[in-house]
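For our numbering, add 1004 to where a residue sits in the sequence shown, where the first one is 1.
We put the CB at the ideal spot given by N, CA and C, even for glycine.
Notes follow once the structure below has been shown.
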Amino acid sequence: MDGAQTHGTIPWQTRHQRRSLLFKYTSRSTTRSGIAETLAPPEIYCDRDVVDGMSEAERAVMWGPYSNYHEELPYLDVSADGQVKAVTCTDPSDIWSDRRG
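Next comes the structure, spelled out in structure tokens:
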């Protein structure tokens, strides 16, 4: 399963910004199989015309299911003022550390 569920969503009509949370799940064996590495990049998984013009942070969430065992996937970081940016992990052995970017 990899996709956003929008069942029952109605058009957004308020003045404040709408926020969404995207959960992606796929089994470990699927993301580690050989073809996943080839198909996961956003240009392939979502098509190049879909991701052209996106920021690095936007492209980061468009990757297909993939285990990132070559550490090429960006991570998202949110600053205190709410700005989101894509960062790369500088310590691949500990992706949960503060040694990112």
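> Which value, in whole angstroms, describes the spacing of the CA atoms of Val-1091 and Thr-1018?
Replying inline: As a working mapping, residue 1091 is identified with position 87 in the sequence shown. As a working mapping, residue 1018 is identified with position 14 in the sequence shown. When rounded, the distance between both Cα atoms is 32 Å.
>> Which residue wins for smallest C-alpha separation from Ser-1031, given the options Leu-1025, Ala-1061, Ala-1040, Ala-1064?
In response: As a position in the sequence shown, residue 1031 is number 27, starting the count at 1. Per the Cα distances, Ala-1040.
>> Could you check if Leu-1025 belongs to the surroundings of the ligand NAD, using beta carbon to heavy atom distance under 7 Å?
In response: As presented, the structure is devoid of all ligands, the ligand NAD included, so that no description of it is given.
> Are the beta-carbon atoms belonging to Arg-1063 and Val-1054 less than 8 Å from one another?
Replying inline: The count along the sequence shown starts at 1 and reaches residue 1063 at position 59. The count along the sequence shown starts at 1 and reaches residue 1054 at position 50. Going by C-beta atoms, Arg-1063 is not nearer than 8 Å to Val-1054.
> With which residues is Ala-1090 paired in a DSSP beta bridge?
Replying inline: Taking the sequence shown and counting its residues from 1, one reaches residue 1090 at position 86. Ala-1090 pairs with Leu-1080.
> Under 8 Å between the Cβ atoms of Met-1066 and Tyr-1079?
Replying inline: Along the sequence shown, one-based indexing puts residue 1066 at 62. Along the sequence shown, one-based indexing puts residue 1079 at 75. Contact: no.
> Alpha carbon to alpha carbon, how far is Asp-1051 from Pro-1045?
Replying inline: Looking up residue 1051 in the sequence shown gives position 47. Looking up residue 1045 in the sequence shown gives position 41. The alpha-carbon atoms of Asp-1051 and Pro-1045 are separated by roughly 9 Å.
>> Quick check: what's the CA-CA separation for Glu-1047 versus Gly-1038?
In response: Start at 1 with the first residue of the sequence shown, and residue 1047 comes out as number 43. Start at 1 with the first residue of the sequence shown, and residue 1038 comes out as number 34. CA-to-CA, the gap between Glu-1047 and Gly-1038 works out to about 18 Å.
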